[in-house]
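Enquirer: My questions will all concern the structure given below.
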Amino acid sequence: MSAVKCSKCDSGFALPSNPMDLKSNWICNQSDCEEEMAHTKVIDIVRDCESILKDAHDFDVGQNESVLDLLLTKLHPNHSLSTDHLFL
Ligand SMILES: [Zn+2]
600 MSAVKCSKCD SGFALPSNPM DLKSNWICNQ SDCEEEMAHT KVIDIVRDCE
650 SILKDAHDFD VGQNESVLDL LLTKLHPNHS LSTDHLFL
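First residue of the sequence shown: 600, per the working numbering; consecutive thereafter.
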C-alpha cells in the first residue's frame, strides 16, 4: 500500500489508475471525487514526507507524534513511510 491523500477531497486516497504502471495518473478512490494526479505530483508528496522524516530524527516523542499527524495529512495510514515511522 503506497496510497497518498487526495489533494482535492478530505477522505479520498489516490492510487495508480494502472497498478502495473506507477507512472500512470493517480486517481482518487472516492467515486464522487475522482481527482486525477500526475505521478510526478505523488513523487513530490513522498519526497516531502521523506525530508520531514529525515528532520524528525532528533525530535522527542511529542514532536514525533506531530510529525506522524503531518504525514497522515499526506499519506495513507498504511503507507510504508508512515508505518516505518510508527515503529521507529
Ligand atoms: Zn478525492
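Ideal placement from N, C-alpha and C gives every residue a C-beta, glycine not left out.
Everything numeric in this text was worked out from a predicted model, so none of it was measured.
1. Could you name the residues of the same chain whose beta carbon sits closer than 8 Å to that of Phe-612, not counting the 5 residues immediately before and after it, in chain order?
2. Using the beta-carbon count (16 or more within 10 Å), is Ser-688 buried or exposed?
3. Spell out a yes or no on whether the region 626 to 646 and the region 661 to 668 are touching, meaning 3 or more CB-CB pairs, one atom from each, closer than 8 Å.
4. How would you label Leu-614, buried or exposed, when you count the other beta carbons within 10 angstroms and need 16 or more for buried?
5. So, helix, strand or coil for Cys-627, using DSSP?
6. Taking only the alpha-carbon atoms, compute the straight-line gap between Asn-624 and Ser-681 and give it to the nearest angstrom.
7. Run through DSSP, which three-state label would Leu-614 get?
8. Could you have a look at Lys-604 and say whether DSSP puts it in helix, strand or coil?
Expert: This is what the structure gives:
1. Ala-602, Val-603, Lys-604, Cys-605, Cys-627, Asn-628, His-675
2. Lying before the first or after the last residue shown, residue 688 is absent from the chain, which here runs from 600 to 687.
3. no
4. buried
5. strand
6. 22 Å
7. strand
8. strand
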